[in-house]
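Engineer: If you want my numbering, it's the position in the sequence shown, counting the first as 1, plus 8. Glycine included, every Cβ here is placed at the ideal spot set by N, Cα and C.
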Amino acid sequence: MKRVALFGAGQIGSMISRLIGMDFAIVCFADNREEKWGSTVAGIPVVSPKESLAFTPDCYCLCVLDSERSGQMREQLRALGFDGEVLLPDMLRVFDTRVATMRLLAEQIHDERIPGDVAELGVYRGDFAVLINAAFPDRTIHLFDTFEGFPPQDVKLEQEQGLSHAQAGDFSETAMELVEKRLPFRDKALFYPGYFPATFCLCSAKAFAFVSLDADLYAPTASALPLFWEKLSPGGVLLIHDVNSQQFTGAGKAVREFCREKAILPMPVCDLHGSVVLRKPWKP
Ligand SMILES: C[S@@+](CC[C@H](N)C(=O)[O-])C[C@H]1O[C@@H](n2cnc3c(N)ncnc32)[C@H](O)[C@@H]1O
Numbered sequence: 009m010k011r012v013a014l015f016g017a018g019q020i021g022s023m024i025s026r027l028i029g030m031d032f033a034i035v036c037f038a039d040n041r042e043e044k045w046g047s048t049v050a051g052i053p054v055v056s057p058k059e060s061l062a063f064t065p066d067c068y069c070l071c072v073l074d075s076e077r078s079g080q081m082r083e084q085l086r087a088l089g090f091d092g093e094v095l096l097p098d099m100l101r102v103f104d105t106r107v108a109t110m111r112l113l114a115e116q117i118h119d120e121r122i123p124g125d126v127a128e129l130g131v132y133r134g135d136f137a138v139l140i141n142a143a144f145p146d147r148t149i150h151l152f153d154t155f156e157g158f159p160p161q162d163v164k165l166e167q168e169q170g171l172s173h174a175q176a177g178d179f180s181e182t183a184m185e186l187v188e189k190r191l192p193f194r195d196k197a198l199f200y201p202g203y204f205p206a207t208f209c210l211c212s213a214k215a216f217a218f219v220s221l222d223a224d225l226y227a228p229t230a231s232a233l234p235l236f237w238e239k240l241s242p243g244g245v246l247l248i249h250d251v252n253s254q255q256f257t258g259a260g261k262a263v264r265e266f267c268r269e270k271a272i273l274p275m276p277v278c279d280l281h282g283s284v285v286l287r288k289p290w291k292p
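1. Alpha carbon to alpha carbon, what distance is there between tryptophan 237 and methionine 81?
2. May I ask you to report which of helix, strand or coil DSSP gives serine 241?
3. Which first and last residues belong to the alpha helix (DSSP H) in which alanine 87 is found?
4. Could you tell me the distance, in whole angstroms, from the CA atom of leucine 129 to the CA atom of glycine 89?
5. Quick one: Cα of glutamate 71 to Cα of arginine 26, how far?
6. Among the residues of its own chain, which have a CB less than 6 Å from the CB of serine 47, if the five just before and after it don't count?
7. How many angstroms separate the CA atom of glutamate 93 from the CA atom of histidine 173?
8. Grab the span of the beta strand (DSSP E) containing phenylalanine 15 for me, first residue to last.
9. Excluding the 5 residues flanking leucine 186 on each side, which residues of the same chain have their C-beta closer than 8 Å to its C-beta?
10. Under the criterion of a Cβ to heavy atom distance below 6 Å, does proline 192 qualify as lining ligand 1?
11. Which partner residues does glutamate 128 have in the DSSP bridge list?
12. Going by the DSSP bridge assignment, what does proline 53 pair with across the sheet?
13. Thinking just about the alpha-carbon of each residue, which of Ser212, Val251, Thr257 is nearest to the one in proline 276?
14. Please classify glutamate 5 as buried or exposed, where buried requires at least 16 other C-beta atoms within 10 Å of its C-beta.
15. Could you pull out every unbroken alpha helix (DSSP H) segment of at least 4 residues lying fully inside the stretch 171 to 201, listed in chain order?
16. One question on the structure: do phenylalanine 216 and glycine 124 come within less than 7 Å of each other, judged by their Cβ atoms?
17. Quick check: does the Cβ of threonine 154 come within less than 6 Å of any heavy atom belonging to ligand 1?
18. Quick check: the stretch 262 to 280 against the stretch 153 to 160, are there 3 or more CB pairs under 8 Å?
19. Whole angstroms are fine: how far does the CA of lysine 58 sit from the CA of tyrosine 226?
20. Rounding to the nearest angstrom, what Cα-Cα distance links valine 219 and histidine 249 in this structure?
21. Buried or exposed: which applies to alanine 234, given that a residue is buried once 16 or more other Cβ atoms fall within 10 Å of its Cβ?
Structure representation (structure tokens):
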């Protein structure tokens, strides 16, 4: 078994500490941010890169996906005198746990004939919507977004409550027509441009089998949870992005409040953004 130090104790490092396989024993996190030293992430101590050498790792795993930063970290290790193996989590660019989870759920929803349409709140340029549409070719897909980026009133709340550094208009470089063109089964798509939850009342869906919530912020997530949950078929799924995110903490707050009220537990997904799954009981 190899002793590995994880270099980078941020969101990616935290997920890699869960993803890493049985051939590795994690000895510590190394991180350049002084404020992190002395803390723990997933129960693992965070120390300075220099101090991490005292843990005698056989190898380091660089927990970043940006090649410029990983080059600098590699140099830093060399300058500290480490000449052992350095691992890059490049495969995380190739394989995506959230996408895989959605596809597996789509197969199950199909096999078990769980009824209902599919939906996404927070579409932006449609990266995930395109994949949902492809995985559910015979279901109507309902797509909710301002298509003008984060709404000012939601951002105001984020700032007042210190939930994120979101700015009004972030994610505005999109258009409904652009998303529509990208969808493989565009005849199945219904668009709801505008402020959510105001747009929800325009939605004619009787039931949903799968819903992706990816609005990042507290307000839209908190209003979407009870509305979609109510219309979810037995066995239906809410897949919620950014619930264990360090960058956007509002989605997690909304999910924790909702789950406490409903006495349900979210199922964590080990993707890079801390997604969770909420599932309606099947055949109650
Ligand atoms: C991170 S992006 C979505 C990313 C997208 N799911 C993808 O796969 O690329 C978040 C989106 O949520 C939308 N959004 C946030 N709050 C909203 C609200 N109250 N009503 C409608 N859209 C909202 C933003 O406009 C933005 O496009």
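Structural biologist: Taking the structure as given:
1. 44 Å
2. strand
3. 75 to 87
4. 49 Å
5. Checking the displayed sequence, the identity of residue 71 turns out to be cysteine instead of glutamate. Taking the straight line from one Cα to the other gives about 12 Å.
6. Val54
7. 37 Å
8. 10 to 15
9. Arg133, Gly134
10. no
11. Leu151, Ser220
12. Thr48
13. Val251
14. No answer is possible for residue 5: the residues shown for the chain start at 9 and end at 292.
15. 184 to 190
16. yes
17. yes
18. no
19. 39 Å
20. 11 Å
21. Note that residue 234 is proline in the sequence shown here, rather than alanine. Proline 234 is exposed by the Cβ-count criterion.
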